[in-house]
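Oh and the sequence shown: position 12 is 25 in our numbering, straight run, nothing missing. These notes concern the structure reproduced below.
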Amino acid sequence: SEEKLINYIGSGEKIRFQIYVRAVSQGDELVTIHAVDGRTGQEVVKTTMVRVG
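Here you go:
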């Protein structure tokens, strides 16, 4: 729930995020990450299956 603003990415550079998800139960769940470019408004959405066992 904590947000952090990143202001140091240069033009043409890429950034990689490592996301930690805490499970509240066992089983398979979909996790979706949304990222929005604050300048252009372009949104990137990635979804992956997480298995907790």
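For every residue, glycine included, the Cβ atom is placed at its ideal position computed from N, Cα and C.
Tell me, please, which residues DSSP counts as bridged to A48.
V57
Using only alpha-carbon positions, find the residue among G40, V58, D50 and T60 that is nearest to G25.
D50
For G25, which beta-bridge partners are listed by DSSP?
Its beta-bridge partners do not exist; DSSP assigns none.
Pick from V37, R35, I46 and V63: whose alpha carbon is nearest that of R29?
I46
Using only the alpha-carbon positions, how far apart do N20 and T61 sit?
27 Å
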